[in-house]
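In terms of our numbering, the sequence shown opens at residue 6 and continues consecutively. Here's the structure, in structure tokens; my notes come after.
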Amino acid sequence: MLPCSVKNLGTKQVVWRRVEGDKVLTIGTMTWSMDNNVSMEHSKKSKDVTTWNLILHHVTPEDSGVYECQLTSRAGHVRHVTLNVVGPPLTSKTGSSHLPEHLPSGQSYNIANLTVSVCGAEGAHGCSISITGRRYVDQGEKIFLRCNASGGARVPDEMDWFKGGDKIDENKYKHVQIYKIQSHAEKYFVSELTIEHSSLADTGDYICRSSTDDIANLKVTVLHAESANKRRGTNQEKDGAATIIVSKISLLLTLLALLWTHQTSLLAYTS
């Protein structure tokens, strides 16, 4: 069992992943891994503290490595747990050198953001192509990915973007904007992909490929924003209450009009 406790989770999700290979294992209580040995143990410790423990059944030395528990938020929280099947079973380490080595139960630490950079291909001069962006965004948030192909022996002539094997054409993907900066003199080529307002359909593997056939990819997951639904529900309740009030006012005015007509008729008859 790899432990992770969260205080004041709110509408965010807890994500477990294996750092090596960037493999997402669980999101919330759902298991994303095809490995049947992976499961989630979720419980509520107190009013504002919940546990999200990753269970690995029948572990082998191949399961050794660094696992990450993180929150899907703009200013995220993260906890790294190192699993050593041969030696000590569990050790906890944070993702930053200035933080304490052991995290108290139920406590978490803030980091600047969850933006990652993945090197797609190594060359003689270092990383020849890399992709940078956030793995997880809430529905409606911006998706921003940057592909840098400036580290190769020569600058590529062109760069293309793909999603799930489908080439991203701005005519087909009208909500996607692609911007390119290229300079053969200064030997750099950077391409930026932007989706201003993400939807659940934007989840997928994003790949940038240079004309020199170097490839880098990053999987982006768009998570359902529960807070937006709650806000919509509140508005609907207000709209419903307003409709009832208007209906009551209309009924009252109708009754007053009938009463006035009746009194007028009585006065006319008396006269």
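Note that the Cβ used here is the ideal one computed from N, Cα and C, for glycine as well. Predicted model only: the values in this text are computed from it and were never measured.
- Pairing Val24 with Glu73, the inter-Cα distance amounts to about 7 Å.
- By the CB criterion at 8 Å, Val227 and Ser203 fall inside the cutoff.
- By the neighbour-count definition (other C-beta atoms within 10 Å, threshold 16), Ala206 is an exposed residue.
- In the structure shown, the three-state DSSP call for Ala206 is helix.
- For Gln187, the uninterrupted beta strand (DSSP E) run begins and ends at 181-188, by DSSP.
- In this structure, Trp21 lies away from Leu14, with their beta-carbon atoms at least 8 Å apart.
- The beta-carbon distance between Glu163 and Ser216, rounded to whole angstroms, is 4 Å. This is short enough to meet the 8 Å contact definition.
- Using a 10 angstroms sphere on the CB of Ile60, the tally of other CB atoms stays under 16, which defines it as exposed.
- Note on Ile186: under 16 other CB atoms within 10 angstroms of its CB, so exposed under the neighbour-count rule.
- Just measuring C-alpha positions, the residue of Asn153, Ser122, Asp219, Cys132 sitting nearest Gly138 is Ser122.
- If you draw a straight line from the Cα of His82 to the Cα of Lys17, it is about 11 Å long.
- Spatial neighbours of Lys192 in its own chain (CB-CB distance under 7 Å, excluding positions within 5 residues in sequence) are listed in chain order as Ser155, Val160.
- In the structure shown, Asp68 falls within a helical segment according to DSSP collapsed to helix, strand and coil.
- Non-local beta-carbon contacts of Ser38 in its own chain, meaning distances under 8 Å to residues more than five positions away in sequence, involve Lys28, Val29, Leu30, Thr31 in chain order.
- Judged by DSSP secondary structure, Ile200 falls within the beta strand (DSSP E) whose first and last residues are 193-200.
- Short of 6 Å from the beta carbon of Ser48, and not among the five residues preceding or following it, lie these beta carbons of its own chain, in chain order: Thr56.
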